[in-house]
Structure formats: structure tokens, C-alpha cells
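Below: one structure, written as C-alpha cells.
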Amino acid sequence: MVDVIRLKQVEHVRNEITVLKEVKHPFIVNMLWSGRDEARVYMLLEFVAGGELFSYLRAAGRFSGPTSCFYAAEIVCALEYLHTKHIVYRDLKPENLLLDSQGHLKITDFGFSKKLTDRTWTLCGTPEYLAPEIIQSKGHNKAVDWWALGVLIYEMLAGFPPFFDDNPFGIYEKILSGRIEWPKHMDPIAKDLIKKLLIADRTKRLGNMRQGADDVKRHRWFKLVEWPLVPQRALTPPIRPRVKAPGDPSCFDDYPETDWRSQPPLPPEQLALFQDF
Numbered sequence: 001m002v003d004v005i006r007l008k009q010v011e012h013v014r015n016e017i018t019v020l021k022e023v024k025h026p027f028i029v030n031m032l033w034s035g036r037d038e039a040r041v042y043m044l045l046e047f048v049a050g051g052e053l054f055s056y057l058r059a060a061g062r063f064s065g066p067t068s069c070f071y072a073a074e075i076v077c078a079l080e081y082l083h084t085k086h087i088v089y090r091d092l093k094p095e096n097l098l099l100d101s102q103g104h105l106k107i108t109d110f111g112f113s114k115k116l117t118d119r120t121w122t123l124c125g126t127p128e129y130l131a132p133e134i135i136q137s138k139g140h141n142k143a144v145d146w147w148a149l150g151v152l153i154y155e156m157l158a159g160f161p162p163f164f165d166d167n168p169f170g171i172y173e174k175i176l177s178g179r180i181e182w183p184k185h186m187d188p189i190a191k192d193l194i195k196k197l198l199i200a201d202r203t204k205r206l207g208n209m210r211q212g213a214d215d216v217k218r219h220r221w222f223k224l225v226e227w228p229l230v231p232q233r234a235l236t237p238p239i240r241p242r243v244k245a246p247g248d249p250s251c252f253d254d255y256p257e258t259d260w261r262s263q264p265p266l267p268p269e270q271l272a273l274f275q276d277f
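In full-length UniProt numbering, the protein residues as written are 1 to 277.
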């Protein structure tokens, strides 16, 4: 809890627990239990053995059209589900997409997610994936997730995001300029979908109009997708992680362990921040 307070993550952790308690979907990581004591917050999540989609994308350089389409379709179903519950995700990127042992997606890290009734003004997310309305503090809604999907599809197909710079402010300038450089190998149908997802005017952005996610599903790039089969996990994944046994962590990078038992209890005034956890 000390680190959560120091890093100003109390609200993000609260949001994550609140959202994960409410959702259950084949492409969203399942929270089995949460709780706290006088020094720690606990979240018990299902183990997703296949590792990050980010690792597979970096190893491959870029994905083929069919591979990108498969994972984009699973993301569309997950976003559609979240949006029907008035939840905006706000942190779509390859690092937050895990593969299970079969190769299907699980979206994780819901710290930036939020239940919305109208709009929110919080500046949060990963710079390369931020929609213009977040950068401009105009207030934003679920449309930002469809923008991020456009960025993700571009990155899967190109191997790099459409807006990048060494400086976050340089990234913001490029996003607001709307100028995109297209690789010569980019499929024109995929390019058309990405353009429609990366429309600055959110009222005209694909996924955020009257038909919602159905507009995205009906795009020509997804014409071979059998949508009723997607949430059933009935389609064959293009990537099969090398998982040797249940609980095998070898698909993940190694991280140093911390001794969570050494944390002292919080003083009452700090513990009060977690009273509703």
C-alpha cells in the first residue's frame, strides 16, 4: 500500500478492482479474489500462460494481415462488451494483451479503466495510443478505445505505431496533426479501416456512431471473420504459445521478486484511503 500511495495509484487500483469485479468475458482476464490487510492490497488473477502479445510482435517484426485480423476481432468483442457496461478501457496496447495457452487474447491491466455515464477529463494512457480529445482535455468517452484500436491495428501490421517520437510532446503534436505515414506494404482495405478509426472528430469515428461496434465488424477488412464464433473461442489462433505445463512462466520475462511480507502496517490516516477496498 505504501508504494500505491507514493506512486499516486490509489484511484487506479480502486478502479481496476471495481471493474474486474463486474466483468466476465472470454477475452478479459478474470479476477478470482481481491482483499486487503493493514499493509497490502491483494488481487488474485487467473494465470495467463502465453505471455504478452507485445513479445510475439517484437519477435516477428510485424504480423500478417490474417494474424492481425484475428486478434483485432477478439479485441472488438471485448471492447463491445465493456462499452455495453459503460466501461471505457483507456489503455489498449500490445503490452496489455496476454495470450492464453491456446493463443487466445486476454486483456489485462484495468488501472485506467472507468465506469462512465457521460465523459471524463482525466489525462491517462500510453502516449502513442492517446486520442486527440484526451490530449486536448476536451472530455472523452468510449470513442478513445476505438481510436486506440486503430493505432494497434496499424502497429500490428507495420511493426511500429503510427505516431512516435522520443519526446511525449512530439508524439502529441503528431497525433494532433493527423498526418500518418503509410508503409508501402500496407493492405489498402486495412488502411481504410485504420483511417476510419483514427478520425479526430469522435462523432464520426468508426465504433462511436449509431451502430457502435457493428460498424467496425461490418468493415471489409473483417469480411472473413465469423463473428458469432469469435466470443466462443471457436476460431483457431494463429499463434500457439510454447507452454510446457500448467503454471509454466517461461513465456514471460523475468522480474525481480520483492519481499511483500516486509511491508509494515499503514498508519490509520493512510489506511483510511483503502477502507472501501
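Note that the Cβ used here is the ideal one computed from N, Cα and C, for glycine as well. Model, not experiment: these values are computed from the prediction.
Asked	Found
Do A72 and I153 have their C-beta atoms closer together than 7 Å?	yes
For M31, which beta-bridge partners are listed by DSSP?	L45
At what residues does the beta strand (DSSP E) containing I107 begin and finish?	105-107
For I175, collect the residues of the same chain with a Cβ closer than 7 Å to its Cβ; drop the 5 residues on either side in sequence, then sort them by chain order.	L130, P132, I135, F163
Could you name the residues of the same chain whose beta carbon sits closer than 6 Å to that of G159, not counting the 5 residues immediately before and after it, in chain order?	G61, R62
Helix, strand or coil: which one does DSSP assign to V88?	strand
Contact check, P241 vs L99 under 8 Å by CB: the rounded distance?	5 Å
Comparing alpha-carbon positions, which option in E269, K93, K115 lies nearest D109?	K93
How would you write the range of the beta strand (DSSP E) that L130 sits in, first residue to last?	No beta strand (DSSP E) holds L130; DSSP gives it neither H nor E.
So, is L44 buried or exposed, given that buried needs 16 or more other C-beta atoms within 10 angstroms?	exposed
With the cut-off set at 7 Å, would you say H104 and P237 are in Cβ contact?	yes
Helix or strand or just coil, what does DSSP make of P268?	helix
Looking only at its chain, what residues have a beta carbon closer than 8 Å to the beta carbon of L116, apart from the 5 residues adjacent to it on each side?	H86, I87, V88, N141, K142
Taking all protein chains shown into account, do 16 or more other C-beta atoms lie within 10 angstroms of the C-beta of F169, making it buried, or fewer, making it exposed?	exposed
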